[in-house]
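See structure below.
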Amino acid sequence: MSDRPYPDVSVVIPTWNGRHLLERFLPSVVDAARVYQREKGARVEVVIVDDGSEDGTAEWVGANAPSFVEVIAKSGPEGF
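With the working numbering applied, the sequence shown covers 570 to 649.
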């Protein structure tokens, strides 16, 4: 059990060909995560699960997101 008063947080975002959506809302998720980390002292991870997108979703996230955003890129659509 942690001595920190605030819990660590994991945010999981499933996507398939959702690059255009992530381009719009991922910066807000990242900003909120940084604020929570800074103000509460808790760890935050953001996990993007890409279900075989063909629009460059995984590549875009990998190139534009900070290190606490992890991409799990599946080779083809498997469903969630």
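By construction, the Cβ of each residue, glycine as well, lies at the ideal position given by its N, Cα and C atoms.
Distance from the Cα of E647 is smallest, within the candidate group Y575, P576, D577, P583, for P583. Beta-bridge partners of E614 (DSSP): S579. Here the C-alpha atom of N586 lies approximately 24 Å from the C-alpha atom of A601. For E592, the three-state secondary structure derived from DSSP is helix. Rounded to the nearest whole angstrom, the CA to CA distance from F637 to G625 is 20 Å. If the five residues before and after V581 are omitted, its C-beta is found closer than 6 Å to the C-beta atoms of V616, all from its own chain and listed in chain order. For A642, the uninterrupted beta strand (DSSP E) segment begins and ends at 638-642.
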